[in-house]
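Notes follow the structure.
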Amino acid sequence: MADDYLTVTMLCGGLAQIIRRRTHPRSGTADLGLLPASWRVGFSRLYWRCLDQGVDGPASDLELMAWCSRPLITWDVDLSLSDSDRQYELLIGDELSMFAEQAARLASSGDVEAEWVENQVFKAIKAAAAANGGADDQQVEAVYAALRRLLIDRPVLSDTDLLRLEQQLPAADNSGQTYVRRLIENAYTTTPASGAYRYVTCPGCGNPVAGGDACGTPGCPGGIPEPKSVKTVRRAYEHHRATRRFIHDPGLVEARIMDKLREDPGLDGRVEVVAYPRLDTVDIAIEFLRRDVRGEVSVGEIWAVDAKDQLSARLLGRRFEWPAGFPCDKRFLAIPEHRAGQGQYLKELTSELDGRRGGAGVTVVREDILIEMVKVRAKELAA
């Protein structure tokens with residue numbers, strides 16, 4: 011009962027299902043009038059926590075939902091959470107907060123629309139890679155990595171961009187639809203546009219913004235919004251909310267790491283950076299190269315990197331599992347600078363991973379420190 015993270019996780023999983031039912035009601039189902047089981051479990055745990063502390067808990071589900079719109083630190087009960095996590099609310103208006111979304115995914119509620127879209131997108135990337143890569147495993151991995159990076163680099167596409175993609179990756183299913191079109195239609199929403207589609211983008215992360223509004227992307231350096239346009243025939247494509255929140259935004263850290271390593275002239279010929287090896291088993295494989303006396307190149311050492319950009323260090327530590335089956339010499343969990351700079355983030359994450367089987371042998375490291383470690387190791391192996 012003393013595990014308050016479990017209580018909050020159950021409440022968030024229940025809220026996610028409640029929101030899902032409101033936005034996608036299912037006619038004729040027998041359980042429409044019942045609150046989700048995870049909500050009931052969370053409510054019960056919270057009730058006993060309040061009783062244990064001698065305070066009055068929420069008297070009804072509606073009152074508890076009102077609590078959920080306030081920062082956790084203002085609740086009438088003292089929850090054993092990290093100081094940073096206590097600053098967050100679970101609901102913002104009628105939507106889950108970013109903290110609650112992360113907790114709901116930990117609860118495996120399974121019916122959050124955004125999580126469903128995310129899963130569909132990854133299935134579509136794998137299907138497109140398999141269909142266009144043929145029997146060559148390396149080609150399949152190359153197509154997968156290119157499409158995965160496309161979702162990070164291109165928040166907006168035009169229908170002419172899609173046609174060019176289809177020319178490059180023409181494999182189609184039995185209905186005649188290309189696999190790459192299926193991917194784009196899952197990952198993006200469409201807007202009618204003829205001739206040109208004009209939008210305003212944030213220079214720091216590439217996300218479209220409305221007028222002068224801030225983009226809201228975690229860790230984005232921002233900047234003066236820039237007007238852009240793409241040539242269209244009939245429609246334009248913009249990231250689905252789930253693609254932006256769970257693929258594009260978290261993917262910025264892994265893209266930065268890869269780009270900085272590839273662009274460093276001191277690592278040229280010494281380090282090979284492999285994006286999303288074995289179809290995203292890990293985010294990055296860093297191969298340290300060596301040359302023998304005959305000049306032949308081989309891989310001397312491999313570092314594997316999983317990059318995560320999540321709001322709560324404690325919830326990340328609870329959910330994290332190192333991907334099994336990837337051979338490497340060292341394992342790293344890379345954290346973006348804007349997260350690592352939040353109070354005790356790295357300490358809390360390391361503490362949560364300590365003793366967990368999923369975190370065994372994993373080094374938690376800030377993204378810029380990882381890059382410096384690669385440079386140092388490359389010099390050592392070249393000496």
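Here the sequence shown is numbered in my numbering, starting from 11 and rising by one per residue. Virtual Cβ for every residue (Gly too), placed ideally from N, Cα, C.
Using the C-alpha atoms, what's the distance from residue 311 back to residue 276? 18 angstroms
Please report how far the alpha carbon of residue 313 lies from the alpha carbon of residue 19, in whole angstroms. 33 angstroms
Just the C-alpha distance for residue 213 and residue 236, rounded to the nearest angstrom, thanks. 7 angstroms
Looking only at its chain, what residues have a beta carbon closer than 7 angstroms to the beta carbon of residue 192, apart from the 5 residues adjacent to it on each side? 134
Put residue 336 into one of helix, strand or coil per three-state DSSP. coil
Pick out whichever of 299, 188, 159 and 81 has its Cα sitting closest to the Cα of residue 393. 299
Cutoff 7 angstroms; reference residue 10; Cβ partners in own chain excluding five residues on either side: Nothing can be reported for residue 10: it is not among the residues displayed for the chain, which extend from 11 to 393.
Only counting the same chain, and skipping five residues up and downstream in sequence, which positions put a Cβ closer than 6 angstroms to that of residue 317? 263, 264, 293 and 344
Could you name the residues of the same chain whose beta carbon sits closer than 7 angstroms to that of residue 335, not counting the 5 residues immediately before and after it, in chain order? 291
Closest Cα partner of residue 231 within the set 347, 71, 70 and 112: 347
Would you decide whether residue 136 is buried or exposed? Buried here means 16 or more other CB atoms lie within 10 Å of its CB. buried
Pairwise C-alpha distance: residue 16 and residue 215: 33 angstroms
Whole beta strand (DSSP E) runs in the segment 225-270 with 3 or more residues, listed along the chain? 236-242 and 245-249
Do residue 323 and residue 362 have their beta-carbon atoms positioned less than 8 angstroms apart in this structure? yes
Around the C-beta of residue 254, are 16 or more other C-beta atoms found within 10 angstroms, so that it is buried, or is it exposed? buried
So, at 6 angstroms on beta carbons, what are the nonlocal neighbours of residue 66 in its own chain, with the 5 sequence-adjacent residues on each side left out? none
Minimum length 4: unbroken alpha helix (DSSP H) runs contained in the segment 61-105: 71-78
Between the beta-carbon of residue 81 and the beta-carbon of residue 99, is there less than 8 angstroms? yes
State the start and end residues of the unbroken beta strand (DSSP E) segment that holds residue 202. 198-202
Return the CA-CA distance between residue 340 and residue 115, expressed in angstroms with no decimal places. 28 angstroms
Proximal residues to residue 381 (C-beta, below 7 angstroms), its chain only, five neighbours per side dropped: 267, 270 and 271
On the CB-based measure, 16 or more other CB atoms within 10 Å of its CB, does residue 367 come out buried or exposed? exposed
Beta carbon of residue 211, beta carbon of residue 238: below 8 angstroms? yes
Around the C-beta of residue 202, are 16 or more other C-beta atoms found within 10 angstroms, so that it is buried, or is it exposed? exposed
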